[in-house]
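S.K.:
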Amino acid sequence: AKNEGANRYLFFNDSMNKLAVKRLQVENLIRHGLKEDYFTVYYQPKMDIVTGQLVGMEALVRFITPKKGLISPAAFIPVAEETGQILEIGEVVLQKTCEDVKRWIDMGLFHGRVAVNLSAKQFMLPFLCEQIDDILRRSELPSYHLELEITEGTVMQSPTLAIDTMKKLRARGIHLAMDDFGTGYSSLAYLKQFPLNTLKIDKAFIDDMNTARGRNMVDTIVTIAHNLNLTVVAEGVEHAEQLQQLKQLRCEIIQGYFYSKALSAQEFGLFLKQQKQQ
Ligand code: C2E
Ligand code: CA
Ligand code: CA
Ligand code: CA
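What follows is the structure, encoded as structure tokens:
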């Protein structure tokens, strides 16, 4: 019996086991959060780099519990992807986003597009298009107000299937953006075949624009995007200098703390009203 106790002690100190326990805790927290409706959506403005006007926004999920406060997407999204809970979270995000945007449109405050992130699992759902149709219908939001952001990893899992799904979404008037471009592995041969509207340059590249090499890299990405007739969004723009450089490189849209962080629906409504007065 003495030995057994020692074994158990070793067992519980195993770092992999600690990780599994932590994962289980997050999984339980997410299940509880879904039941209690603790998932909400924040919105980060996307601005036209030339006019400085709002053209759209990105919907970003926020998990806020009364006990633990804000839980970062970095802490729960990877777990939710593994457990499949991301499917339910994704549905909640899409539903809430469409309701919020419909309200702003009806108030005459907005007429652009909202971009929603889709995880790989969500994108692979055989009934994804039907699910989106249902949500759009229920919220009475016309499909041309919606854009979906997907990553290279998502589409490269099965490029042929991905192209098929992308075409179906495009046929509905939904726009598609390649998110975090340059951080995953995608081939230019495929990029050409994907029916995309937008290419989003990852923040890591924007961060590197303080070096000549970094600026060259962004220049190259913008050139590729424009050759494919894609609109370029730079994410994570924090400084006026980055904005100036991106303008010179003919990047069209910027998103980042330079203009605004992600705002709650209430704050974003106020942001829209201020924009309108300008
Ligand atoms: P992402 O799609 O690349 O989203 C951009 C992230 O960069 C957001 O972090 C945003 O708040 C942050 N960001 C934007 N501008 C700046 C800036 O100027 N400086 C800095 N330091 N950060 C900036 P967030 O909201 O924490 O989201 C992290 C990631 O979680 C997202 O990266 C996305 O991959 C994922 N995510 C967020 N919401 C959803 C969702 O509803 N569904 C899915 N599947 N994934 C989501
Ligand atoms: Ca995104
Ligand atoms: Ca991104
Ligand atoms: Ca990113």
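The numbering of the sequence shown is our numbering, which starts it at 813 and goes up by one.
All C-beta atoms, glycine included, are put in the ideal place defined by N, C-alpha and C.
All figures in this text were calculated on a predicted structure; none of them were measured in a lab.
1. If I'm right that Cys-1040 touches Lys-1004 with Cβ under 8 Å, what's the distance once you round it to whole angstroms?
2. Given 7 Å as the limit, tell me if Leu-991 has its C-beta closer than that to any heavy atom belonging to ligand 2.
3. Secondary structure at His-844, three-state DSSP: helix, strand or coil?
4. Tell me the DSSP secondary structure of Leu-831 in three-state form.
5. Roughly how many angstroms separate the alpha carbons of Leu-882 and Phe-875, rounded to a whole number?
6. Alpha carbon to alpha carbon, how far is Met-936 from His-987?
7. With burial defined as no fewer than 16 other Cβ atoms inside 10 Å of the residue's Cβ, what is the status of His-923: buried or exposed?
8. Since Thr-963 contacts Asp-992 with CB under 8 Å, what's their CB separation in whole angstroms?
9. Going along the chain, which residues of its own chain have a beta-carbon closer than 7 Å to the beta-carbon of Val-1034, five neighbours each way excluded?
10. Please work out which residues of its chain come closer than 7 Å, Cβ to Cβ, to Val-873, disregarding the five sequence neighbours upstream and downstream, and give them in chain order.
11. Within this structure, are the beta carbons of Ala-1074 and Gln-856 separated by less than 8 Å?
12. Leu-1007 lies in the beta strand (DSSP E); which residues open and close that run?
13. Taking the alpha-carbon of Ile-861 as reference, which of Leu-899, Gly-1081 and Val-1049 has the nearest alpha-carbon?
14. If you draw a straight line from the C-alpha of Lys-858 to the C-alpha of Tyr-1071, how long is it?
15. Please report the straight-line C-alpha distance between Gln-865 and Ile-1066, rounded to a whole angstrom.
16. CB-CB under 7 Å to Lys-914, same chain, minus the five flanking residues each way: which ones, in chain order?
17. Output the boundary residues of the beta strand (DSSP E) element that contains Gln-1090.
18. Just list the residues that DSSP pairs Gly-868 with in beta bridges.
19. In chain order, what residues of the same chain lie with their CB nearer than 6 Å to the CB of Lys-908, ignoring the 5 residues before and after it?
20. Within a Cβ cutoff of 6 Å, which residues of the same chain sit near Leu-930, ignoring the five residues on either side of it in sequence?
21. Per DSSP, Phe-939 is paired with what?
22. Classify Thr-1091 as helix, strand or coil using the three-state DSSP reduction.
23. Comparing the CB of Ile-898 with every heavy atom of ligand 1, is any distance shorter than 7 Å?
24. In the DSSP assignment, the beta strand (DSSP E) including Val-1049 goes from what residue to what residue?
25. Excluding the 5 residues flanking Thr-966 on each side, which residues of the same chain have their C-beta closer than 6 Å to its C-beta?
26. Could you tell me whether the Cβ atoms of Val-833 and Ala-871 are closer together than 8 Å?
M.R.: So, from the listed chains and residues:
1. For the purposes of this step, residue 1040 is identified with residue 228 of the sequence shown, where counting begins at 1. For the purposes of this step, residue 1004 is identified with residue 192 of the sequence shown, where counting begins at 1. Residue identity differs from the one stated: residue 1040 is Leu in this sequence, not Cys. Going by Cβ atoms, the distance from Leu-1040 to Lys-1004 rounds to 6 Å, so yes, they are a contact pair.
2. For this step, residue 991 is matched to residue 179 along the sequence shown. Residue identity check: residue 991 is Asp in the sequence provided, not Leu. At least one heavy atom of ligand 2 is nearer than 7 Å to the Cβ of Asp-991, so yes.
3. Residue numbering aside, residue 844 sits at position 32 when the sequence shown is read from its first letter. Residue state, collapsed to three classes: helix.
4. Walking along the sequence shown from the start, residue 831 turns up at place 19. Three-state DSSP puts Leu-831 in a helix.
5. Residue mapping note: residue 882 aligns to position 70 of the sequence shown, counting from 1. Residue mapping note: residue 875 aligns to position 63 of the sequence shown, counting from 1. Near 6 Å, if we compare the C-alpha coordinates of Phe-875 and Leu-882.
6. Position 124 of the sequence shown, counted from the start, is the residue given in the question as residue 936. Position 175 of the sequence shown, counted from the start, is the residue given in the question as residue 987. Each residue's alpha carbon lies about 17 Å from the other.
7. Start at 1 with the first residue of the sequence shown, and residue 923 comes out as number 111. With fewer than 16 neighbouring CB atoms inside 10 Å of its own CB, His-923 falls in the exposed class.
8. On the sequence shown, residue 963 is found 151 positions in, with the first residue counted as 1. On the sequence shown, residue 992 is found 180 positions in, with the first residue counted as 1. With 8 Å as the limit, Thr-963 and Asp-992 qualify as a contact, their Cβ atoms being about 5 Å apart.
9. Against the sequence shown, residue 1034 aligns to sequence position 222. Answer for Val-1034: Val-1044, Leu-1061, Arg-1062 and Cys-1063, listed in chain order.
10. As a working mapping, residue 873 is identified with position 61 in the sequence shown. Excluding residues within five positions, the ones whose Cβ falls inside 7 Å are Phe-851, Val-853, Pro-885, Ile-901 and Val-905.
11. Here residue 1074 refers to the residue found at position 262 when the sequence shown is read from its first residue. Here residue 856 refers to the residue found at position 44 when the sequence shown is read from its first residue. Yes, they are a contact pair.
12. Your numbering for residue 1007 matches position 195 in the sequence shown. According to the sequence provided, residue 1007 is Pro. The question's Leu does not apply to it. Neither: Pro-1007 is in no beta strand (DSSP E) and is coded neither H nor E.
13. If you number the sequence shown from 1, residue 861 lands on position 49. The shortest C-alpha to C-alpha distance from Ile-861 to any of Leu-899, Gly-1081 and Val-1049 is the one to Val-1049.
14. For this step, residue 858 is matched to residue 46 along the sequence shown. For this step, residue 1071 is matched to residue 259 along the sequence shown. Approximately 9 Å, taken between the alpha carbons.
15. Taking the sequence shown and counting its residues from 1, one reaches residue 865 at position 53. Taking the sequence shown and counting its residues from 1, one reaches residue 1066 at position 254. Straight-line Cα distance between these residues: approximately 10 Å.
16. Taking the first residue of the sequence shown as position 1, residue 914 is located at position 102. Same-chain partners within the cutoff: Ser-951, Glu-952 and Leu-953.
17. The sequence position of residue 1090 within the sequence shown is 278, counting from 1. Per DSSP, Gln-1090 belongs to no beta strand (DSSP E) and is neither H nor E.
18. In the sequence shown, residue 868 corresponds to position 56, counting from 1. Gly-868 is bridged to Lys-858 and Arg-925.
19. Start at 1 with the first residue of the sequence shown, and residue 908 comes out as number 96. Taken in chain order, the residues that qualify are Val-853.
20. As a position in the sequence shown, residue 930 is number 118, starting the count at 1. Within the same chain, Leu-930 has close Cβ partners Leu-960 and Ile-962.
21. Residue 939 sits at position 127 when you count from the first residue of the sequence shown. BP columns for Phe-939 are empty, so no partner.
22. No information on residue 1091 is available, as it lies outside the stretch 813 to 1090 that the chain covers here.
23. Against the sequence shown, residue 898 aligns to sequence position 86. Flag set: Cβ of Ile-898 near ligand 1.
24. As a working note, residue 1049 is residue 237 in the sequence shown. First-last for Val-1049: undefined, no H or E at that position.
25. Taking the first residue of the sequence shown as 1, we reach residue 966 at position 154. Cβ neighbours of Thr-966 beyond the five flanking positions: Ala-932 and Phe-935.
26. The sequence position of residue 833 within the sequence shown is 21, counting from 1. The sequence position of residue 871 within the sequence shown is 59, counting from 1. Not closer than 8 Å, so no.
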